[in-house]
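Notes follow the structure.
Protein chains in written order, with this note's numbering: chain X, 1 to 662; chain P, 1001 to 1313.
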């Protein structure tokens, strides 16, 4: 018996988030209106969670058609794939919104806060439209709004020149990516009578191989830009850290996943797999993305930039799963293709949870200590125990430790890579098991990176006055953090909850996928292992002990100071040294006065890491465009007769084209 | 019955851990022409530590206090993965080697955090070095296990061991030699033995593991020491189980189990002697030579995987 139909609940979600809440917020400055709007945002997302959960677990399909109001067909549909991503958006949105209640309240004045909330709500709607779109038009509208609204949210935080520059780069790259997405949609048009997803799906069989390859490449490029695969990631570590923390959480946790959704929708749902080499291409790009992403992350000292780079790494892991799946598809092994796809989708979900938790944690830290520079933090665990505990959960999850959710998805990808040895093709047979080594290296480095994050920020002594006087954040923030941490542990210990519906989902996407027994076995063993670990740890903790506080021995010095601790830079030094070929920093030492190098008064040392892509790819590309534009300027004489001539010539050419076309 | 034996063999692994340390130390003493302590010495060390009080630095937070328990818990869980006298273990047939490796990583993760919390420079230093060694050791560790798993067509450790038992003892392939070599190198790095780390030093230039546990004392230190002894034992037992499992009891009878236990001791003894010989014969590697050491292990394990594919066809 259903009290309210799911369709209506979904329309309610869209209407509240998209229309009602923003209108209330913009129209009224009253406190009551704001509270109502925020309550509606949180409440509608909870409703959204239920809608998505019903569609995901029970496979109900929701279809909402707005085509009668819009110039182009605009319809939304929640099938199982959409349901997964809708669930992801709403599950993350609830804690983020609760956290933001107190974050926006602390950071912004009344008016700006209302605008912030209005954009926040619209940003959520745009992402929901993207993942539930049923027509190309709806998808592209959502896609474009998502970019613009997030850029708006970043600009609302401030408008320094540097920020504008970063936002410009963000918008530029997003639109280049969007152009590729649009193009890949339009390539279907000659074969499909509309851009309705259902008709694209049926028409895709008739698309010739060359066009299919083009569609795949454009989709990979377009969605890859949005996802931040290397070398298209340049915008990501610039745009994500400068947004307000709750927005960064949504951008890194959720918005990147819409790109994964788009890729899966295009390549798996529409095309049913790419050309034979597509899997290898995706796999190698993903391996590079994962490895370089985490290496850049380790070297960062700014927590939010570090987290942004680690998002690049995790996108690498997700695409590693997708690439593996494509390789299996190309070699006609649908069962394993399904397993790899389960791993990739699950990792997308898990990453959304722990990355938004980490970004919210960074927000909590900046709230309490007024900085996210790791070198100025330290000792926060005893000052903010709840924030610390939740962030520890996030760090364990992202490092892929068992009993936390990150492990489950990485494990599924590991198992699918291992299964590569059963293929007939020697290339794949050798390559896939060897990729285990790459993923292991990525995992090991990620663990190192997040030992650094938690160890430097939360343990030991505070490295600044601000960190010393930090206090636990307000209840709303703690609630948001706690909700996300609980879901990380929940999925980590009981992965079967998500794995079972995911398997049914990939059975739709990959015909003949079956149920790989692996997905069942992990769900069985993890609770066992958890019971052993918890049982033994708690028993050991209950043993009778005497405890005494003693100052740490300082090698005979009067006492230890916070400057004697290992810093974030020092921690990452061995890894930076070993992988020095990746970083290649520009180092500069200035000694003053210059004429007396042996008796310097002051020495300044600077080390700047400009990632090599910027030098090798982006700068030359930008310069090429600039010089081309410069040359084109000769056409712009400023003389009206010349412009009239241009118009006339264009007209003649067009007429000639029309005449000779037939 | 089978489960009872599984529990007993896990207990043997856990309780026998300090003994392995004692034996290795004794052999080392013999090789260095020293008198040496009794092989039971690690037990009395542990008993002594358990009786002492815990000294906690004032900067330390709850993490510092919790770490030893978590480390001990994960290590016990790891120990329940390794077959000793029969080709099965508590978790060996349900969990696979990925879980095994990542449980070890979990213990290490928490121990590194414990190092940070002391508030001195040594803890962070140990954690930083451990981060380098462990992040580079992960790949060869998994790859060498992948090679054996592909050969056995099983990802669970029990299945891998059972498959090897059915093979002819003289029919050892190149894969086994390569996988054993790289896994042995990883074991050295993973358990913090020479030439990667020196377990007996407290010199700031060289210590890795000792640096992290420097601020611990009393029962907490005892748990950490016990956990690292169990880890060493579990890794040696894993080497034995994967590469020389012959002699394990295939039926559940007192005689077979007893024989398997004696054979296990006979098989583990050469490994302990080998460890002692390496430790006495080699100087500790310079910190930045450790990546080369692990690089060799990675290359060997990658070769093992490639050979496995060739052998399998």
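Here a beta-carbon is modelled for each residue, glycine too, at the ideal position from N, C-alpha and C.
| Check | Outcome |
| --- | --- |
| Might you give, ordered along the chain, the residues of its own chain that have their beta carbon closer than 6 Å to the beta carbon of residue 317 of chain X, omitting 5 neighbours on each side? | 290, 347 |
| Using a Cβ-Cβ cut-off of 7 Å, state whether residue 549 of chain X counts as contacting chain P. | yes |
| Can you list the alpha helix (DSSP H) stretches of 4 or more residues lying completely in the segment 593-632 of chain X, in chain order? | 619-632 |
| What separation, rounded to the nearest whole angstrom, lies between the Cα atoms of residue 98 of chain X and residue 369 of chain X? | 21 Å |
| Using a Cβ cut-off of 7 Å (strictly closer), state whether residue 413 of chain X contacts chain P. | no |
| I'd like to check one pair, residue 437 of chain X with residue 1139 of chain P: are the Cβ atoms closer than 7 Å? | yes |
| Assuming residue 230 of chain X and residue 293 of chain X make a contact with CB atoms under 8 Å, what is their CB distance in whole Å? | 7 Å |
| Taking only beta-carbon atoms, is residue 977 of chain P less than 7 Å away from chain X? | In the structure as shown, chain P begins at 1001 and stops at 1313. Residue 977 of chain P is therefore absent and cannot be evaluated. |
| For a quick check, are the C-beta atoms of residue 1071 of chain P and residue 1080 of chain P less than 7 Å apart? | no |
| Considering only their Cβ atoms, is the gap separating residue 323 of chain X from residue 262 of chain X smaller than 7 Å? | no |
| Is residue 459 of chain X close to chain P? Criterion is C-beta to C-beta, closer than 7 Å. | yes |
| Against residue 633 of chain X, what residues of chain P qualify as contacts under a CB-to-CB distance less than 9 Å, listed in chain order? | By Cβ distance, chain P contributes nothing, its closest Cβ being about 52 Å from residue 633 of chain X, past 9 Å. |
| In chain order, what residues of the same chain have a beta carbon less than 7 Å from the beta carbon of residue 1112 of chain P, not counting five sequence neighbours either side? | 1127, 1130, 1131, 1212 |
| Going straight from the alpha carbon of residue 185 of chain X to that of residue 212 of chain X, what length do you get? | 11 Å |
| Output yes or no for whether 7 Å exceeds the beta carbon distance between residue 362 of chain X and residue 303 of chain X. | yes |
| Using a beta-carbon distance below 7 Å, is residue 1073 of chain P in contact with chain X? | yes |
| Does residue 1194 of chain P come within less than 7 Å of chain X when only Cβ atoms are used? | no |
| Would you mind working out which of X:508, X:447, X:469 sits nearest residue 381 of chain X, comparing C-alpha positions? | X:469 |
| With 9 Å as the C-beta to C-beta threshold (strictly closer), list the residues of the segment 1044-1070 of chain P near chain X in chain order. | 1050, 1052, 1053, 1054, 1055, 1056, 1057, 1058, 1059, 1060, 1061, 1062, 1063, 1064, 1065, 1066, 1068, 1069, 1070 |
| Whose Cβ in chain P lies nearer than 8 Å to the Cβ of residue 90 of chain X? | Per Cβ cutoff of 8 Å: no residues; residue 90 of chain X is ~30 Å from chain P at best. |
| Using the beta-carbon of each residue, which ones in chain X are nearer than 8 Å to residue 1187 of chain P? | Those do not exist, as residue 1187 of chain P stays about 16 Å from chain X at its closest Cβ, beyond 8 Å. |
| Tell me the residue span of the beta strand (DSSP E) that contains residue 65 of chain X. | 62-65 |
| Select from the segment 1108-1122 of chain P all residues with a C-beta closer than 7 Å to any C-beta belonging to chain X, and list them in chain order. | 1109, 1112, 1113, 1116, 1117, 1118, 1119, 1120, 1121 |
| Given that a residue counts as buried once 16 or more other Cβ atoms are within 10 Å of its Cβ, and exposed if not, what is residue 1 of chain X? | Because the pLDDT at residue 1 of chain X is just 37, under 50, the model does not fix this residue reliably, and the value given afterwards should be weighed accordingly. Looking at its Cβ environment, which holds fewer than 16 other Cβ atoms inside 10 Å, residue 1 of chain X is exposed. |
| Please go through the segment 289-346 of chain X and give each complete beta strand (DSSP E) segment of 3 or more residues, from N-terminal end onward. | none |
| Would you kindly check if the distance between the Cβ of residue 1301 of chain P and the Cβ of residue 1061 of chain P is under 7 Å? | no |
| Does residue 1204 of chain P come out as helix, strand or coil in the three-state DSSP assignment? | coil |
| Quick one: using the 10 Å Cβ neighbour count with 16 as the cut-off for buried, is residue 1086 of chain P buried or exposed? | buried |
| Could you check what DSSP says for residue 1019 of chain P in three-state terms: helix, strand or coil? | helix |
| Using C-beta distances below 6 Å, list every residue in its chain close to residue 492 of chain X, excluding the 5 sequence neighbours before and after it, in chain order. | 403, 404, 405 |
| Roughly how many whole angstroms lie between the Cα atoms of residue 600 of chain X and residue 594 of chain X? | 8 Å |
| Is there a Cβ of chain X sitting closer than 7 Å to that of residue 1204 of chain P, yes or no? | no |
| Using the Cα positions of residue 224 of chain X and residue 193 of chain X, report the straight-line distance between them to the nearest angstrom. | 27 Å |
| Using DSSP with H/G/I as helix, E/B as strand and the rest coil, what is residue 590 of chain X? | strand |
| Are the C-beta atoms of residue 390 of chain X and some chain P residue less than 7 Å apart? | no |
| Report yes if the C-beta distance between residue 118 of chain X and residue 40 of chain X is below 7 Å; otherwise report no. | no |
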